[in-house]
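Asker:
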Amino acid sequence: MLLTRSALDASRLTLFIAAVILIAGTWTFLHFPSQEEPSVTVRDAIVSISLPGMATDEVEDILAKPAEERLRELGGLKTIATTVRPGSVVIQLTAYDNVTDLDAMWQKVRSKLTEVALTYPQGTIGPFLDDDFGRVSVASIAITAPGVSLAQMREPIKRFRSDLYALKGVERVAFYGLQDTQLYLQFDKSKLASLGLTPTAIAQQLAAQNAIASAGQPSVSGLGVSVSVEGKIRSVDDLRRFLLSVPRGDQSQDVTLGEVATIQAMPTDPPQSAAVYQGQQAVVVSVSMAKGLDIAAFGKELKARIAEASHRLPTGFDADVVTFQADVVAREMGKMHHVMGETIVIVMAVVMLFLGWRMGLIVGSIVPLTILSSLIVMRAFNIELQMVSMAAIILALGLLVDNGIVIAEDIERRLKAGEERRQACIDAGRTLAVPLLVSTLVIVFAFSPFFLGQTSTNEYLRSLAVVLAVTLLGSWALGLTVTPLLCFYFAMVHADAADVAEHESRFYHGYRRVIGWVLTHKVIFVGAMVALLGGAGWTLSRLPYDFLPKSDRLQFQIPLIFQAGVDSRQTLASVRQISQWLDNRKINPEIENSVGYVADGGPRVVLGLNPPLPGANIGYFTVSVMPDTDMDALITRTRKYLANEFPNLHAEPKRFSLGATEAGVAVYRVSGVDEATLRSLSAQVEAVLRALPGTFDTINSWGPRVPRYRVAIDQRKLNANGITREDVLRALQVRYSGYQAASIDDGGAAVPIVLRGSATERASDADPGDTLIYPASSSMSPVALNALATIALDSEPGVVQRRNLSRTITVTARNPTLTAQQIADRLAPAIARIHLPPGYAITLGGEIADSAEANEVIAQYMPLAIGGMLLLFVWQFNSFRKVFIVVASVPFILIGSTLALVVSGYPFGFMATFGLLALAGIIVNNAVLLLERIEVELAEGRHHHEAVIEAAVKRLRPIVMTKLTCIVGLIPLMLFAGPLWTGMAITLIGGLLLGTLVTLGLIPLLYDTLFRENDAGPHDGSTALRIGSSPARPSPEA
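Under our numbering, think of the first position of the sequence shown as 88, with each following residue one higher.
The structure is reproduced here in structure tokens:
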């Protein structure tokens, strides 16, 4: 290649470009938008449908199944997960990974929901689609006002929201725990009876009074004018004074609504959602940021705006920042910057230790230039600066310096041999350009499946593959231009016998004896290596597998599931009690703050959070802790408290997970049709899990059945009293849940007018049989329900879950010492012994299913990557035997990697796969350069056996130097970068430590074995031609 010659010919231009990279890269680094984790497209949306009072089986048949069947007609939906509760259904939709236009997908979903809504009974609320489910909150602020009602808090909080919206870059501000106000009407039954009024008649009069309709458009003087008909109910006072028409024969009597009903303005009861901050009921304001902004700069402006808006709140209002993503990003990026700085220093120190300070600085100069050039490319292609892309740069530091070392070492060798300085630089670049390019492209190809895959895990880690490719290719280009140019100007090497003396030292003599012994005892060495490989493979297959580790962020979460049937008022009381315990500084001094949510999961404060779906018996806490907190001890203390104080509560205090999947949970899905059979199979799975020592938090997603009144009406009695089944349903609805008759306008917000029974009537132990059923005709008296029907206390499922149109019970469990995969492996025989009737299945879900999906994608694209690598090798060597040598050396990387994982006790995970791929690239790089060196030695006239030994001796120092540089450069990544990178770094360090056996032992042995004396020489293969060592056209060889 002419790259090096061109760089030397245009030396001023080369230096100018390097200076531009230095300046532009530094500016880019200082102004680069950063965030904690990579942006991942959340492909989920939530559909909510409700009809209060409807039984679970009716909700499933009338609301859930029709919606599922319409949605299944859309080919882009991967999963339809439905949760059915009495009176409500929530459907979580997940689009396939190859769906690129999600907006169009969700629009198709809306169209299907509009179609199915036409078939729903009157009074059905929804379906509503929330396609903003994946939005991550950059800040959440808890606003409290002791002694102030939620209705009084509404206007100040809305002004607070307006202040935040005025800040550029704020995309959305959402409220959690701000309950709507409703006007509840509770009737005096005796007065109604004396007047001959019914709740239904009153509801009709209220609806008619506040009807919205056109009054026509009369013409005045030829102009069309509007007509405003006064008389609408606009306030509580208007409602009290509203005149009800009371029929009295042929005449009517007027009576005010306030005379026959008690009117209360209060928040929705029971609350649809609530929030609790440090023991007080609160409203949480969540702020989302527009894409592409720098979270650090935006965070400063947002914090100032929050402070300003807080000062404008009324006296008695407090606004406390609960979560603030900019602080988390600053901590994470500070940690990664610290690791990167340590790595640069370590790499430079090792290089200078081996090459001397002058040559070390020359080689090390491409490190900052490569990093800065990579940042420029990342910014140009909108690749975010976050912990994954930062880790890619740190990982590349140990790899990219190899190019500079190899080139500088070759130039130094040529100068010592007496070559002219300029020609030595040009020849070194020409000789090594293709081998180094092949080695670089091999690593790029190795990581390509992670780039090409379309799963959420691939998307999460894609920037690692992209940034690694950009960095390594940049290193190759700079290594062939800037490094030779700096060597030309600054390298101080004298042509003397130093090179000969160096390779005749005691150290090299020792290695000569070792490699000589290996070549004369091939069977023993190969047998030992194969035995070690077999042992490593066997051991690796039995190591615990952990897909992605848990996060080390200074927060943990507490999902709460109360007994099915518990309403949100009870949930709120329990959440407030838990919040007060968490806020007790004597018991929990390490807790900074906590915020709890009722009947909702609150905002998504971290990408890996999957908030619980709405439900009256659902609670959720986000707990922030002080630095240096023993998180495991705190979580254990919290778990003990919850178990002691709330024996019927299922609580899961746990760390957040990295990526989009919760880690450490074994998930089994039991699918079928019949409820009793499903519960029986689920119980067997739960028993198998509980039998595993140490397993805890074993739970099934359906829970126990809940009480239900079964009302068997007598149609003859209904007919005799002029009552219909609809009258019965309406009367029960009014008594318990309430019936919305109309609404009044309150400053643009519709305030419902709800008819419902008194607190005594709605009490849990009240007899529904004394409910008065009003006939449609006002001339007939109301009749108690127990005179019209037989009422029995029955039961129904509190929750029914469905997955892709099939009923499914999900069983989950944890174990403190086992990963999810280990749990599944140990229990596989017992699970297999469970008898499954036809039509029923038990499958694995959670991180195991996601891991299998991610690995399947890797397996799908890996043949393409391997094909590309083989094509490079054949093009480089024009020799199948040399390709075999390179390929055969790769599996032996498992020896050191497995040993390192065993010694460290760290599980093998998805990130360790990255480590193995990087390790394979390093081994291939060394193999290519060693084979190239053998060709050079053969071209210089050495005999076959001597050339192999001499090449291995001369490649000893650069190979050991590059491996040592990689190893020490990875130590900061292993120790300080966080749990996501520990497994990968351990895998790499172990593989590099023992990789010398492969590079400097196995590869020379294989070459010496496969190439005989009479067919090895400068004519062998095409490497000699490509590196410029022979002008002759090589002959093809097998």
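Each residue gets a CB set at the ideal place from its N, CA and C atoms; glycine is no exception.
From V613 to V961, what does the alpha carbon distance come to, in whole angstroms?
Answerer: One C-alpha to the other measures close to 25 Å.
Asker: In angstroms, rounded to a whole number, what distance separates the CA positions of R159 and L180?
Answerer: Each residue's alpha carbon lies about 10 Å from the other.
Asker: Would you list, in sequence order, the uninterrupted beta strand (DSSP E) runs of no fewer than 3 residues that lie entirely inside the segment 834-912?
Answerer: List check, beta strand (DSSP E) in window: 836-842, 876-884, 887-890, 893-901.
Asker: Short check: CB of A623 to CB of T658, under 8 Å?
Answerer: In this structure, T658 does not lie closer than 8 Å to A623 by Cβ.
Asker: Quick check on the DSSP output: what are the complete beta strand (DSSP E) runs of length 3 or more inside the segment 327-376, in order along the chain?
Answerer: If we require 3 residues or more, the beta strand (DSSP E) runs fully inside the segment 327-376 come out as 330-335, 338-343, 348-354, 361-364, 367-376.
Asker: Between F577 and the rest of its own chain, which residues show a CB-CB distance below 7 Å, the 5 nearest in sequence each way excluded?
Answerer: So the qualifying residues of the chain are R445, I449.
Asker: Any idea if L951 is buried or exposed, counting beta-carbon neighbours within 10 angstroms, 16 or more meaning buried?
Answerer: It is exposed - the Cβ of L951 has fewer than 16 other Cβ atoms within 10 Å.
Asker: Spatial neighbours of A1103 within its chain, please: CB distance less than 7 Å, with the 5 preceding and 5 following residues excluded, ordered by chain position.
Answerer: At A1103 the pLDDT is 46, less than 50, meaning the model places this residue with poor confidence and gives no usable figure here.
Asker: Please determine, among E419, A999, V990, V973, the residue with the shortest C-alpha to C-alpha distance to I1010.
Answerer: Closest by alpha carbon: V973.
Asker: Please tell me whether I760 and R894 are closer than 8 Å, where the distance is taken between their beta carbons.
Answerer: The amino acid at residue 760 is misidentified as Ile; the sequence shows Val. Cβ distance < 8 Å, so V760 and R894 count as in contact.
Asker: Evaluate contact between the segment 216-228 and the segment 373-391, counting only Cβ atoms and requiring at least three cross-stretch pairs below 8 Å.
Answerer: Output reads yes: the segment 373-391 touches the segment 216-228.
Asker: Within the segment 647-732, note down every full alpha helix (DSSP H) run reaching 4 residues or more, in order along the chain.
Answerer: The segment 647-732 contains these whole alpha helix (DSSP H) runs: 655-669, 718-732.
Asker: Take S976 and list the residues in its own chain whose beta-carbon comes closer than 7 Å to its own, dropping the five residues that flank it on each side.
Answerer: Contacts found: I1010, A1014, V1085, L1089, I1090.
Asker: May I have a chain-ordered list of the beta strand (DSSP E) segments no shorter than 3 residues that lie completely inside the segment 471-515?
Answerer: With a minimum length of 3 residues, no continuous beta strand (DSSP E) run stays inside the segment 471-515.
Asker: Could you check whether the segment 553-567 touches the segment 487-499, counting it as contact only if at least three pairs of C-beta atoms, one from each stretch, sit closer than 8 Å?
Answerer: As far as the Cβ criterion goes, the segment 553-567 touches the segment 487-499, which means the pair count is three or higher.
Asker: Is it the case that the Cβ atoms of E732 and P173 are separated by a distance below 8 Å?
Answerer: For E732 and P173, no; Cβs fall outside 8 Å.
Asker: Alpha carbon to alpha carbon, how far is R803 from A871?
Answerer: One C-alpha to the other measures close to 15 Å.
Asker: With DSSP collapsed to three states, give me the class of Q269.
Answerer: Note: Q269 maps to strand in three-state DSSP.
Asker: Using the beta-carbon count (16 or more within 10 Å), is A182 buried or exposed?
Answerer: Looking at its Cβ environment, which holds 16 or more other Cβ atoms inside 10 Å, A182 is buried.
Asker: Work out the CA separation of V415 and A436 for me, nearest whole Å.
Answerer: One C-alpha to the other measures close to 32 Å.
Asker: Does DSSP classify H922 as helix, strand or coil?
Answerer: Note: H922 maps to coil in three-state DSSP.
Asker: Helix or strand or just coil, what does DSSP make of Y183?
Answerer: In the structure shown, Y183 sits in coil (DSSP, three-state: anything other than H, G, I, E or B).
Asker: Name, in chain order, the residues that DSSP records as bridge partners for A226.
Answerer: According to DSSP, which records beta bridges pairwise, A226 is partnered with V374, F411.
Asker: If you reduce the DSSP assignment to three classes, tell me which class N735 lands in.
Answerer: Coil.
Asker: Excluding the five sequence neighbours on either side, which residues of its own chain have a C-beta within less than 6 Å of the C-beta of R968, listed in chain order?
Answerer: Cβ within range, chain order: L1097.
Asker: Please go through the same chain and pick out, in chain order, the residues whose beta-carbon is closer than 6 Å to the beta-carbon of A97, but skip the five residues on each side of it.
Answerer: Closer than 6 Å at the Cβ level, and outside the excluded window around A97, lies no residue.
Asker: Could you tell me the alpha carbon to alpha carbon distance between L1003 and R92, rounded to whole angstroms?
Answerer: L1003 and R92: Cα-Cα distance of roughly 36 Å.
Asker: Tell me the rounded alpha-carbon separation between V186 and W193.
Answerer: Those two C-alpha atoms are separated by around 11 Å.
Asker: Write down every uninterrupted run of the alpha helix (DSSP H) in the segment 1043-1092 whose length is 4 residues or greater and which is fully enclosed by it, in chain order.
Answerer: Correct list: 1043-1063, 1066-1084.
Asker: At the level of alpha carbons, what is the spacing between N942 and A1038?
Answerer: Each residue's Cα considered, the two are about 39 Å apart.
Asker: Here's the rule: buried if 16 or more other CB atoms are within 10 angstroms of the residue's CB, otherwise exposed. What is R920?
Answerer: So R920 counts as exposed.
Asker: Could you have a look at A94 and say whether DSSP puts it in helix, strand or coil?
Answerer: Looking at A94 - three-state DSSP - the assignment turns out to be helix.
Asker: Report the rounded CA-to-CA distance for I149 versus Y207, giving the unit in angstroms.
Answerer: Computed Cα separation, rounded: 7 Å.
Asker: Provide the residue span of the beta strand (DSSP E) that contains I212, from first to last.
Answerer: Where I212 is concerned, the enclosing beta strand (DSSP E) stretches over 212-217.
Asker: Just confirm the distance between the C-beta atoms of G781 and T904, as a whole number of angstroms; I'd bet it's less than 8 Å.
Answerer: G781 to T904, Cβ: 6 Å. Contact.
Asker: Give me the Cα-Cα distance between V877 and E156, rounded to the nearest whole angstrom.
Answerer: Note on identity: in this sequence residue 877 is Thr, with Val being the wrong assignment. If you take the alpha carbons of T877 and E156, they lie about 36 Å apart.
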